[in-house]
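Report on the structure given below.
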Amino acid sequence: MVPPAALHYNRCMPPDRLLSELLRIAACIGLEVRSVGMRGKHAGPGGLCTIQGKPLVILNHRTSAIDRSTALADALAGRDLSAIEMPPQVRGFIAARRRGRWRLLLPERRPGPGLAVCRPRRTERDEP
6 MVPPAALHYN RCMPPDRLLS ELLRIAACIG LEVRSVGMRG KHAGPGGLCT
56 IQGKPLVILN HRTSAIDRST ALADALAGRD LSAIEMPPQV RGFIAARRRG
106 RWRLLLPERR PGPGLAVCRP RRTERDEP
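Okay, structure coming up:
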C-alpha cells in the first residue's frame with residue numbers, strides 16, 4: 006500500500022532536499038516552522054496552527070521527511086507563492102497538495118447538534 010504522503014510526491018527530488026526547499030520557502034514568506042518530537046501512539050506529521058495570532062507550522066521530527074514535507078506543503082498551499090523562486094518539482098508538489106485539499110473535511114455549514122441533543126428517543130415501551 007502506498008503511504009498517503011507519497012501520492013503527490015515527485016521522485017525526481019530526494020525527500021530531504023524537498024523538505025529543505027519547503028523550509029526555505031516558508032522562511033522567505035515569514036512562516037515560522039518548528040520541529041518537535043511528538044509523542045503518542047498516533048502522532049501525525051504536524052501541521053499549521055495559530056498561536057497568539059501568528060501562523061506557525063509544527064512538524065514532528067520523528068516522522069519521515071516526505072510526511073513532514075507533505076504537512077509543510079499543505080500549510081504553504083494556501084499562500085501566495087508566485088513571487089518566490091523555487092524548482093518546478095517543488096512548485097508542482099505544492100500545487101498537487103493545493104488540489105488535494107478538497108478532500109479535507111472543511112465546515113460548509115453550521116455544525117450539527119451537540120451530544121446532549123443526540124440522546125436516544127423515548128419509545129412507548131420506555132415510559133412507565
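Quick note on numbering: the sequence shown equals residues 6 to 133 in this note's numbering.
Even for Gly, the Cβ is constructed at its ideal location relative to N, Cα and C.
Evaluate contact between the region 86-103 and the region 49-62, counting only Cβ atoms and requiring at least three cross-stretch pairs below 8 Å.
No: fewer than three Cβ pairs fall under 8 Å.
Have a look at R84, K46, A31, L36 and flag the residue whose alpha-carbon is nearest the alpha-carbon of T68.
As a first step, residue 68 is located in the sequence shown; it is residue number 63 there, counting from the start. Answer by Cα proximity: K46.
Which same chain residues, not among the five before or five after R84, have their C-beta less than 7 Å away from its C-beta?
The residue given as residue 84 occupies position 79 in the sequence shown. Cβ neighbours of R84 beyond the five flanking positions: I34.
So who's on the other strand from K59, going by DSSP bridges?
Residue numbering aside, residue 59 sits at position 54 when the sequence shown is read from its first letter. The partner list for K59 (beta bridge, DSSP) reads I56.
Shortest alpha-carbon distance to A76 belongs to which of E90, R44, L61, I89?
Here residue 76 corresponds to residue number 71 of the sequence shown, with the count starting at 1. Checking every option, the nearest Cα to that of A76 belongs to L61.
Measuring alpha carbon to alpha carbon, tell me which of C17, S87, S74, G97 ends up nearest S25.
For this step, residue 25 is matched to residue 20 along the sequence shown. For S25, the closest alpha carbon among the candidates C17, S87, S74, G97 is that of S74.
Would you please state the rounded distance, in angstroms, between the beta carbons of A78 and F98? I believe it to be under 8 Å.
Within the sequence shown, residue 78 is the residue found at index 73, counting from 1. Within the sequence shown, residue 98 is the residue found at index 93, counting from 1. Indeed, because the Cβ distance is near 6 Å, the residues count as touching under 8 Å.
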